[in-house]
Amino acid sequence: MPVRPVRPLRLAFAGFGNVARRFAELLGGPYGRILRRAGVSVRVTAIATGHHGLAVDARGLPLTRALALVREGHSLAPLHRGKPVASTRALIATAPYDVLLELSPLEPLTGEPATAHVAAALRRGLHVVTANKGPVAHAAGRLKALARRHRVRFLHEGAVMDGFPIFNLAERCLRGVEFRGFGGVLNSTTTRILSRMEAGVPFDVALAEAQAAGVAEADPAFDLDGWDAAVKTCALANALMGATLRPAEVERVSVREITAQAVDKATLEGKRWRLVARAGRDGRRVWARVAPEELPLGDLLVSDGADGVLVLDTDLMGEVGLVESAGGVDQTAYAVLSDLLEVAGGGGGRPS
């Protein structure tokens, strides 16, 4: 059997949080082997962080040392080689790389600075892989057009439901299908809280449990008031339905409106409350809403133990249901890998 030629593929990280660090850890093991089998030899040439500085080295940065420095709270500056780089945007504009991994924290109201990071790399004629919902929710159409213009890829499989292949499924397996709408339970924090309330636990106690488990943030408003689900709803509607929705345009109702009495009543009637994200078409307009709904037990959206559920409404295939359990950092890191494999298999690795 002929040996497949291996070509170099240089990566730059914009953001080096949990997902980025997990991806970097696995790049030295199974991810690296998988990518080599796909025909690319990966090296990381740039890392920009929010709290630990940045580093660029065209020869390749030592990932093990970079991870150790960040874990210990130190700066990446000792790893930098070459001219000083003042900011993440300067790194994206000047560093030598072939694929930008945009993994910075989400800013739900504007999608920035992640959207600007993505656009800057695409304008350089470089591929972008992101797990950040912001650019997809706020600028999917514009960024995809920019990628087409420069003949590169803008991929975002990790933006919704961790590593579950929603966007790849739509692009490759449901070709020619029109997405008429969808319904989903996309926020695991609210599902956990409502499930605990069904067991008789007061709302405040269920919230405190979620915070202690690291599922909910110290300020849980982003989850409870529907912003997280609204951003994901926009990402799905914009990417699958060609919408141009922004999170602020999505109607939102908070789960704080659900009382213990309402939960008890639903339980007695064989129903469950869930925070449901929905989108559909009204003529040419795409509408979207995030609100608690009382659902019968047989509804797919009431899937016990599921971190995420999505039901797509299509013209040719009817309803297609997707259920994810135990989503997390590893699954999102895998989504980054799957997008990189797409770049590798589609002529990726173009020199900057």
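For the sequence shown, our numbering assigns the number 8 to the initial residue and increments by one for each residue that follows. Every residue gets a Cβ at the ideal spot worked out from N, C-alpha and C, and that includes glycine.
Just verifying my parser: in three-state terms, what is the DSSP assignment at R131?
Along the sequence shown, read from residue 1 onward, the residue named residue 131 stands at position 124. The three-state secondary structure of R131, taken from DSSP, is coil.
According to DSSP, simplified to helix, strand and coil, what is D169?
Residue mapping note: residue 169 aligns to position 162 of the sequence shown, counting from 1. In this structure, D169 counts as coil in the three-state DSSP scheme.
Quick one: what's V318 bridged to in DSSP?
Working through the sequence shown from its first residue, we reach residue 318 at position 311. Its beta-bridge partners are G190 and G328.
G57 versus V51, A84, L68 and T95, residue with shortest Cα-Cα distance:
Within the sequence shown, residue 57 is the residue found at index 50, counting from 1. It is T95 whose Cα lies nearest to the Cα of G57.
Report the partner residues of P303 according to the DSSP bridge assignment.
For the purposes of this step, residue 303 is taken as the residue at position 296 of the sequence shown. Its beta-bridge partners are K278.
Taking 7 Å as the cut-off, is the beta-carbon of V77 closer than that to any non-hydrogen atom of the ligand NAD?
As for the ligand NAD, it is missing from this structure, which has no ligand bound.
Just the C-alpha distance for E300 and A237, rounded to the nearest angstrom, thanks.
Indexing the sequence shown from 1 puts residue 300 at position 293. Indexing the sequence shown from 1 puts residue 237 at position 230. Whole-angstrom Cα-Cα distance: 15 Å.
Given this structure, state the Cα-to-Cα distance separating A84 from R253, to the nearest angstrom.
Translated into the one-based positions of the sequence shown, residue 84 becomes position 77. Translated into the one-based positions of the sequence shown, residue 253 becomes position 246. Between A84 and R253, the C-alpha separation is close to 37 Å.
Using the rule of at least 16 other Cβ atoms within 10 Å of the residue's Cβ for burial, across every protein chain shown, is H145 buried or exposed?
Sequence index remark: in the sequence shown, residue 145 carries index 138 (1-based). Flag for H145 reads buried.
Using DSSP's beta-bridge definition, name the partner residues of D289.
For the purposes of this step, residue 289 is taken as residue 282 along the sequence shown, with counting starting at 1. Beta-bridge pairing by DSSP links D289 to R292.
As assigned by DSSP and simplified to three states, the class of S345
As a first step, residue 345 must be located in the sequence shown, where it is residue number 338. Reduced to three states, the DSSP call for S345 is helix.
Can you grab the Cα-Cα spacing for the pair R72 / A100, in whole Å?
Position 65 of the sequence shown, counted from the first residue, corresponds to residue 72. Position 93 of the sequence shown, counted from the first residue, corresponds to residue 100. Across the structure, R72 and A100 are spaced so that their CA atoms are roughly 25 Å apart.
Compare the beta carbon distance of L307 and V316 with 8 Å and say whether it is the shorter of the two.
Position 300 of the sequence shown, counted from the start, is the residue given in the question as residue 307. Position 309 of the sequence shown, counted from the start, is the residue given in the question as residue 316. Result yes, Cβ atoms of L307 and V316 sit closer than 8 Å.
Buried versus exposed, by CB contacts within 10 Å (16 or more), K272:
By 1-based counting over the sequence shown, the position of residue 272 is 265. Exposed, by the Cβ-count rule.
Kindly indicate the opening and closing residues of the beta strand (DSSP E) around R41.
Residue 41 sits at position 34 when you count from the first residue of the sequence shown. The residue asked about is misnamed: residue 41 is Ile in this sequence, not Arg. Careful: I41 lies outside any beta strand (DSSP E), inside the alpha helix (DSSP H) at P37 to R44.
In chain order, what residues of the same chain lie with their CB nearer than 8 Å to the CB of E224, ignoring the 5 residues before and after it?
Within the sequence shown, the letter at position 217 stands for residue 224. For E224, where only same-chain residues beyond five positions count, the Cβ hits under 8 Å are Q218 and D230.
Please go through the same chain and pick out, in chain order, the residues whose beta-carbon is closer than 8 Å to the beta-carbon of L76, but skip the five residues on each side of it.
Counting from one through the sequence shown, the residue named residue 76 turns up at place 69. Around L76: H59, S82, L83, P85 and L86.
Supposed close pair A121, T137 - CB separation, criterion 8 Å
By one-based count along the sequence shown, residue 121 stands at place 114. By one-based count along the sequence shown, residue 137 stands at place 130. Confirmed, about 7 Å.
Between the segment 258 to 274 and the segment 314 to 328, are three or more C-beta pairs nearer than 8 Å?
Between the segment 258 to 274 and the segment 314 to 328 there are fewer than three inter-stretch CB-CB distances shorter than 8 Å, so the stretches are not counted as touching.
For a quick check, are the C-beta atoms of R371 and R292 less than 8 Å apart?
Nothing in the structure corresponds to residue 371, since the chain is present only between 8 and 359.
Spatial neighbours of M204 in its chain, beta-carbon cut-off 7 Å, leaving aside the 5 residues before and after
One-based indexing of the sequence shown puts residue 204 at position 197. Taken in chain order, the residues that qualify are F210, A213, A267 and V270.
Would you mind reading off the limits of the alpha helix (DSSP H) that contains R199?
By one-based count along the sequence shown, residue 199 stands at place 192. Looking at the DSSP string, the run of the alpha helix (DSSP H) that includes R199 is S195 to E205.
I'd like to confirm the pairing. Which residues does DSSP put opposite A73 in its beta bridges?
Residue 73 sits at position 66 when you count from the first residue of the sequence shown. None; A73 has no bridge partner.
Just reading off the beta strand (DSSP E) that T95 is part of, what are its end residues?
Within the sequence shown, numbered from 1, the residue matching residue 95 stands at position 88. T95: not part of any beta strand (DSSP E); member of the alpha helix (DSSP H) spanning T95 to T101, first to last residue.
Between the Cα of R88 and those of I54, A128 and P115, spot the shortest distance and give me the residue it belongs to.
Locating residue 88 in the sequence shown gives position 81, where the first residue counts as 1. The option with the nearest alpha carbon to R88 is I54.
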